[in-house]
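The next block holds one structure in the form of structure tokens; read it before the comments.
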Amino acid sequence: MVRRFNEAQMAILEQFWQSRLDAPRPPKRLSIPAALSCCEVGPPVTSQDVGRYFSNRAARESGQPRARPLTTMQRELLEGSFEHDAFPYTGTIIVLTYQTKLRPKQVKQWFDNRRKKHRCYGLPLVTNNLVEQDAAAAARMWRAFKANPDEYAKQLWLGTISSRTGACTGKVAGIAEGEEWERLWGMDREGYDGDVVGDGGGWSA
Numbered sequence: 149m150v151r152r153f154n155e156a157q158m159a160i161l162e163q164f165w166q167s168r169l170d171a172p173r174p175p176k177r178l179s180i181p182a183a184l185s186c187c188e189v190g191p192p193v194t195s196q197d198v199g200r201y202f203s204n205r206a207a208r209e210s211g212q213p214r215a216r217p218l219t220t221m222q223r224e225l226l227e228g229s230f231e232h233d234a235f236p237y238t239g240t241i242i243v244l245t246y247q248t249k250l251r252p253k254q255v256k257q258w259f260d261n262r263r264k265k266h267r268c269y270g271l272p273l274v275t276n277n278l279v280e281q282d283a284a285a286a287a288r289m290w291r292a293f294k295a296n297p298d299e300y301a302k303q304l305w306l307g308t309i310s311s312r313t314g315a316c317t318g319k320v321a322g323i324a325e326g327e328e329w330e331r332l333w334g335m336d337r338e339g340y341d342g343d344v345v346g347d348g349g350g351w352s353a
């Protein structure tokens, strides 16, 4: 969704834009104070909204193309997962990475942005993940996904691998479940060939 700022907010953004001096855009650390100033004179604005405005303006003025928007399928998958849990474990991020063909950092950044937007509007954040994710386990899961994206994402989706630890859950997936995976993401679909680096971030939608 494209954020539309009112006239007073645009005036504030212009002041921050002019403060960049010789830089291509204002530094990211100014996105938060700019957003807070905008919230005082108009509808709620997040630092991601401000950062996206600066990024798009910098790209436009340099002649670069704008960032590609999410497809309907990508948005539906992300939003459906967010409604179920706003703080997904690594396994869920991996499955979404596979299904959407986005980079992991893009999926993570989407969740970060959506959580911040919910907080800005005072909306509740749903989560069932009450146990903290172990960083070492998460790193092992990304390596396993990189080694065999198709099969690892499938087993996570089927629930035979824990989305938190990457360990076997003991669940035996039914034939119908396996067929459903194949129907949605299997033989008629190109395998995942994207970047599987698990950290970083820079996707906004």
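Each residue of the sequence shown is one higher than the one before, counting from 149 in my numbering. For glycine and all other residues, C-beta sits at the position ideal for the given N, C-alpha and C. Because the structure is a prediction, the values reported are computed rather than measured.
In this structure, the beta-carbon distance from Glu-325 to Leu-304 does not fall below 8 Å. In this structure, the CA atom of Arg-208 is about 31 Å from the CA atom of Tyr-246.
The count of Cβ pairs closer than 8 Å, one atom from the region 217-225 and one from the region 276-287, stays below three, leaving the stretches out of contact. With contact defined as three or more Cβ pairs closer than 8 Å, the region 241-261 and the region 165-180 are not in contact.
In chain order, Ala-234, Phe-235, Arg-263, His-266, Arg-267 place their CB closer than 8 Å to the CB of Leu-273, counting only its own chain and leaving out the 5 sequence neighbours on each side. A buried status is given to Thr-240, since no fewer than 16 other beta-carbon atoms sit within 10 Å of its beta-carbon. The beta-bridge partner set that DSSP reports for Cys-316 consists of Ile-309.
Boundaries cannot be given for Ser-167, as no alpha helix (DSSP H) includes it and DSSP labels it neither H nor E.
Contact annotation: Gly-314 and Ala-292 have beta-carbon atoms nearer than 8 Å. Separation of the CB atoms of Ala-206 and Pro-172 is rounded to 5 Å, and the pair is thereby assigned contact status at 8 Å. Here DSSP, grouped into helix, strand and coil, assigns Lys-249 to coil. Cβ atoms of Phe-153 and Gly-190 come within 8 Å of each other, at about 7 Å.
Phe-153 sits in coil when the DSSP states are folded into three classes, being neither helix nor strand. Judged by DSSP in its simplified three-state form, Arg-291 adopts helix. When the beta-carbon positions are compared, Gln-157 and Val-193 come within less than 8 Å of each other. The alpha-carbon of Gln-163 is positioned some 45 Å away from that of Met-289. Bounds of any alpha helix (DSSP H) do not take in Tyr-269, whose DSSP letter is neither H nor E. In the three-state reduction of the DSSP assignment, Val-243 falls in the helix class.
The alpha helix (DSSP H) runs of length 4 or more contained entirely in the region 166-222 are, from start to end of the chain, 179-187, 195-210.
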